[in-house]
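In the numbering used here, the protein residues as written are 34 to 410.
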């Protein structure tokens, strides 16, 4: 008998892609997709059951279909359809609680994979340069999707203690980007003008949506020889990008805003539809966040196909040209940099000449003083 896999959140593009991929796996007998909304995309031969994971019906589905592998993707920062932030939080937190309660009672469940986020580390001015999976945040996120993920992971750890016979894998994905990305940061980068925090240029990491699907598929199967896919893993592409580099590559101008006024900007952005421009999102765009992916490669055995820069380039192509041509912006930045370097060199040369003249004048004064002293003697 092959595996029976249940995937939550299949109405989103990411969930639909994973269902189609898993359905082609010869080791999988059945794939069941669940969501509160009817998916607009195809699920191939997978079975779809319309249900809200916040309701007890999810327990009956696990029992009726003898599900042994659960992939929980219904943890998101953006609403689906007409729902708002309240509906998103309820699905993230209450839905996870209900799903884990059903998994705990199910005697057939043997593997649980949970989609999480590196936002659990928060963003603070005294953060380490690179977060490890074991690094504790300087301050816990206080709101938005980041707080949801902290609560979700807390419930998952409790489930793992109560059901030690179930292999649990938590994948902390960096900011997910790609042509079909629907993350809060993708919404932010789609704005015609990007508000930034004055005086800050944060480091950012991205993971391509294709790599997200590959990592999830790797986690839901039995571990390959020499690897371990139970535990918590950071998943991100190689390298980092500064926010200023992102804006130039998109061709979108930035509007620096003083930090005290950023909350007003966040309120305005939520009014125009950017749903998760929360204080935690603002902290990310102020202090940035970089995570270590050593465990992803060494223990999980996963090697992303896209680097952070390649992921962002693919995302930028899908969004079309911005107000400013990226090539022209890059040339202008290069010219300004060369001009500043030449001015710095010129000023350095003048300061060097002045110091040489001062040293010469000082030596002349010392000689004159010694001559006067000799004549006086």
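From the three backbone atoms N, C-alpha and C, an ideal C-beta is built for every residue, glycine too. It should be emphasised that the depicted structure is a prediction, and the values quoted were computed from it without experimental measurement.
### Task
Would you tell me roughly how many angstroms separate the C-alpha atoms of residue 164 and residue 51, rounded to the nearest one?
28 Å
### Message
Restricting to Cα atoms, I'd like to know which of 376, 240, 68 and 162 is closest to residue 81.
### Response
68
#### Entry: residue 108 burial status per 10 Å Cβ neighbour count (16 or more: buried)
buried
### Query
Counting pairs of beta carbons, one from the segment 124–133 and one from the segment 148–167, are three or more of them closer than 8 Å?
no
### Message
Taking the alpha carbon of residue 335 as the reference point, which residue from 290, 199 and 268 has its own alpha carbon closest?
### Response
268
### Message
By the DSSP assignment, the beta strand (DSSP E) with residue 105 in it spans what residues?
### Response
102–105
### Query
Which residue spans inside the segment 250–295 form an unbroken beta strand (DSSP E) run of at least 3?
264–268 and 287–290
### Query
Under 8 Å between the Cβ atoms of residue 185 and residue 125?
yes
### Task
Just grab the DSSP bridge partners of residue 68 for me.
83
### Query
In terms of alpha-carbon separation, which member of 332, 315, 278 and 287 lies closest to residue 294?
315
### Task
Thinking residue 319 and residue 199 are a contact (beta carbons under 8 Å), I'd like their distance in whole angstroms, please.
Actually they are not in contact, since the Cβ atoms of residue 319 and residue 199 sit about 39 Å apart, beyond 8 Å.
### Query
Going along the chain, which residues of its own chain have a beta-carbon closer than 7 Å to the beta-carbon of residue 166, five neighbours each way excluded?
265, 266, 267 and 328
### Task
With distances taken Cα to Cα, identify the nearest neighbour of residue 64 among 74, 53 and 70.
53
### Query
Among 236, 225, 157 and 96, which one has its Cα closest to the Cα of residue 354?
225
### Query
Near residue 340, which residues of its chain fall below 8 Å by C-beta distance, leaving aside the five closest residues on each side in sequence?
270, 271 and 272
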